[in-house]
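Enquirer: Take the sequence shown: its letters are residues 427 to 489, numbered as in my numbering.
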Amino acid sequence: MDTELEQIKKELHELAQKDVDIDSPEVMKWMERAANLFKKDELQKGQIWKYDVNTGLKKVWVN
């Protein structure tokens, strides 16, 4: 079973092979997952990283 880091790496490799547009929903979803893995120490309990088309990645509260 892959670790979360290994899964993120595999997904990035697959995206690169598909030659998808950097602004595609697939890439934005991947970026959110990667940020929530690598930058989780910057979040407070109940927050996640989400991509906003106007501002980029931002912290949001989840209910």
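Virtual Cβ for every residue (Gly too), placed ideally from N, Cα, C.
Quantities reported herein were computed from a predicted structural model and do not represent experimental measurements.
What does a CB cutoff of less than 6 Å around Glu430 pick up in its chain, not counting 5 residues either side in sequence?
Expert: Excluding sequence neighbours, Glu430 sits near Leu463.
Enquirer: Could you tell me whether the Cβ atoms of Lys476 and Lys466 are closer together than 9 Å?
Expert: No, Cβ-Cβ distance for Lys476 and Lys466 is not below 9 Å.
Enquirer: In this structure, how does DSSP classify Val446 when only helix, strand and coil are distinguished?
Expert: In the structure shown, Val446 sits in coil (DSSP, three-state: anything other than H, G, I, E or B).
Enquirer: If you draw a straight line from the C-alpha of Ile448 to the C-alpha of Glu437, how long is it?
Expert: Looking at the two C-alpha atoms, the distance is approximately 14 Å.
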